[in-house]
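Peer 1: Can you read through this structure? Questions will come right after.
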Ligand code: AMP
Ligand code: TRP
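Numbering (this note's numbering), first residue to last: 3 to 347.
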């Protein structure tokens, strides 16, 4: 057995997460995912591995030129947000073939019934599910492979990924059971903070998403200060003043969303925010929120734009990241092949 691989239940504390390079980054991606990736890089004794999941992106059609650009821009976004490509491993998924190879094994572990329950597939496939790609259906098995090919123990994500992480755990458990081993860790989802589900600025019942047809529904990481202020000014609210405690936000999804965004940007609890702003009207709170959002996001978007210009430097970072990622992934795949019974593994 390869020495680089651990088979006991004591796995190295290791974080993996990914974001699709399928268009611009939103405030939801930043607060629900990226900002927390940075926190996990800087706190505790985790090894951190972050990935631009280009193979996931093509489960729905992507223009090749735009995909290349979006991948480099996303890499710039990671770095601008505070991911240090020396401290963390930062790379694009397709460069490490072990993801796709392990995904095939997991396609043979996961059951049709499990996949058919995935709500993200139902949402993305829409009414015409027969016309969705097979890749979109199999997507969660690739996601499990992304995580488990590094024996990752912790996965920070937004709330929408919870079901996929439960499936990842089910795949690890079934594999371990079927092959009578404890080879794969049962990964912990890390879904924490005030902004695990940032909602649309136009409709408090819908997730803020890069694919929403209305640009006013989201804040993009590339929006300038005026655009951010305008979108927040126009954000849907209700006529009531802000409450002084979190309980007062119940049944007020738009108000709750803006307060959650404020809390996440300011690194404060919702209760602490409401102690400060309770009793204020939205006409007073919205400019405070805009000012905070611009203060936090403008330096990131400026740096992201600067780094995106230098494709050569981004590509060097991705080369190095892929090389480091493969050093971890290759022995795990090799051992998996051995366990499964592949000759010559
Ligand atoms: P995606 O852009 O779909 O690849 O998502 C990348 C990461 O951002 C995942 O961890 C998502 O859960 C997270 N995310 C996306 N949209 C939101 C949102 N509106 N609120 C919180 N997290 C989000
Ligand atoms: N499915 C995730 C999303 O759409 C992206 C993703 C792919 C991911 N592989 C992952 C997230 C592994 C965490 C871990 O947002």
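From the three backbone atoms N, C-alpha and C, an ideal C-beta is built for every residue, glycine too.
When we look at the beta-carbon of residue 131 and count the other beta-carbons within 10 Å, is it buried (16 or more) or exposed?
Peer 2: Locating residue 131 in the chain shown gives position 129, counting from the first residue. By the 10 Å Cβ count, residue 131 comes out exposed.
Peer 1: When DSSP builds the beta bridges, which residues end up paired with residue 141?
Peer 2: Sequence index remark: in the chain shown, residue 141 carries index 139 (1-based). Looking at the DSSP assignment, residue 141 forms no beta bridge with any residue, so it has no partner.
Peer 1: Where does residue 222 fall in DSSP's three states?
Peer 2: If you number the chain shown from 1, residue 222 lands on position 220. It is a strand residue.
Peer 1: Got a sec, what are the start and stop residues for the alpha helix (DSSP H) residue 296 sits in?
Peer 2: Taking the first residue of the chain shown as position 1, residue 296 is located at position 294. Per DSSP, residue 296 belongs to the alpha helix (DSSP H) from 284-311.
Peer 1: Going by CA-CA distance only, name the one from 17, 44, 54 that's closest to residue 24.
Peer 2: The residue given as residue 24 occupies position 22 in the chain shown. Selected option, being the one with the closest Cα: 54.
Peer 1: Could you check whether residue 150 and residue 95 sit closer than 7 Å to each other, using their CB atoms as the reference points?
Peer 2: Residue numbering aside, residue 95 sits at position 93 when the chain shown is read from its first letter. Residue numbering aside, residue 150 sits at position 148 when the chain shown is read from its first letter. In this structure, residue 150 does not lie closer than 7 Å to residue 95 by Cβ.
Peer 1: Tell me whether residue 91 sits in a helix, a strand or coil according to DSSP, three-state version.
Peer 2: Locating residue 91 in the chain shown gives position 89, counting from the first residue. Residue 91 falls in the strand class under three-state DSSP.
Peer 1: Evaluate residue 10 with the Cβ neighbour count: other Cβ atoms within 10 Å of its Cβ, from every protein chain shown; 16 or more gives buried, anything less gives exposed.
Peer 2: For the purposes of this step, residue 10 is taken as the residue at position 8 of the chain shown. Only weak support is given to the placement of residue 10: the predicted model assigns it a pLDDT of 46, under 50, and the value that follows is read from those uncertain coordinates. Exposed, since its Cβ has fewer than 16 Cβ neighbours within 10 Å.
Peer 1: Between 274, 255, 310, 292, which has its C-alpha nearest residue 236's C-alpha?
Peer 2: Position 234 of the chain shown, counted from the first residue, corresponds to residue 236. Comparing Cα positions, the closest option is 292.
Peer 1: Measuring from the CB of residue 19, is there a heavy atom of the ligand TRP at a distance below 6 Å?
Peer 2: Residue numbering aside, residue 19 sits at position 17 when the chain shown is read from its first letter. Yes, the Cβ of residue 19 comes within 6 Å of a heavy atom of the ligand TRP.
Peer 1: Using only CA atoms, which one of 289, 322, 187 lies nearest to residue 90?
Peer 2: Residue numbering aside, residue 90 sits at position 88 when the chain shown is read from its first letter. Among 289, 322, 187, the Cα nearest to that of residue 90 is on 322.
Peer 1: Do residue 20 and residue 210 have their C-beta atoms within less than 7 Å of each other?
Peer 2: The count along the chain shown starts at 1 and reaches residue 20 at position 18. The count along the chain shown starts at 1 and reaches residue 210 at position 208. Not closer than 7 Å, so no.
Peer 1: Do residue 171 and residue 188 have their C-beta atoms within less than 7 Å of each other?
Peer 2: If you number the chain shown from 1, residue 171 lands on position 169. If you number the chain shown from 1, residue 188 lands on position 186. Closer than 7 Å, so yes.
Peer 1: Could you check the C-alpha separation between residue 191 and residue 33 for me, to the nearest Å?
Peer 2: One-based indexing of the chain shown puts residue 191 at position 189. One-based indexing of the chain shown puts residue 33 at position 31. Looking at the two C-alpha atoms, the distance is approximately 16 Å.
Peer 1: Less than 8 Å between the CB atoms is what I'm expecting for residue 143 and residue 173, so what's the real figure, rounded?
Peer 2: As a first step, residue 143 must be located in the chain shown, where it is residue number 141. As a first step, residue 173 must be located in the chain shown, where it is residue number 171. Sure, about 7 Å apart at Cβ, within 8 Å.
Peer 1: Got a sec, what are the start and stop residues for the beta strand (DSSP E) residue 36 sits in?
Peer 2: Position 34 of the chain shown, counted from the start, is the residue given in the question as residue 36. First-last for residue 36: undefined, no H or E at that position.
Peer 1: Given residue 4, which residues of its chain have a CB within under 7 Å of its CB, disregarding the five upstream and five downstream residues?
Peer 2: Residue numbering aside, residue 4 sits at position 2 when the chain shown is read from its first letter. Unreliable positioning characterises residue 4 in this predicted model, as indicated by a pLDDT of 44, which lies under 50. The coordinate reading is nonetheless provided below. Excluding residues within five positions, the ones whose Cβ falls inside 7 Å are 333, 336, 337.
Peer 1: How many angstroms separate the CA atom of residue 152 from the CA atom of residue 304?
Peer 2: Residue 152 sits at position 150 when you count from the first residue of the chain shown. Residue 304 sits at position 302 when you count from the first residue of the chain shown. Rounded to whole angstroms, residue 152 to residue 304 spans 33 Å at the Cα level.
Peer 1: Have a look at residue 207 and residue 345 and give me their C-alpha separation to the nearest angstrom.
Peer 2: In the chain shown, residue 207 corresponds to position 205, counting from 1. In the chain shown, residue 345 corresponds to position 343, counting from 1. So the alpha carbons of these two residues sit roughly 52 Å apart.
Peer 1: Which residue comes first and which comes last in the alpha helix (DSSP H) that contains residue 23?
Peer 2: Position 21 of the chain shown holds residue 23. Unbroken run through residue 23: none, as it is neither H nor E.
Peer 1: In angstroms with no decimal places, state the Cα-to-Cα distance between residue 218 and residue 22.
Peer 2: Taking the first residue of the chain shown as position 1, residue 218 is located at position 216. Taking the first residue of the chain shown as position 1, residue 22 is located at position 20. The alpha-carbon atoms of residue 218 and residue 22 are separated by roughly 21 Å.
Peer 1: Give the list of continuous alpha helix (DSSP H) stretches no shorter than 4 residues that lie fully inside the region 166-246.
Peer 2: DSSP runs (the alpha helix (DSSP H)) wholly in the region 166-246: 227-236.
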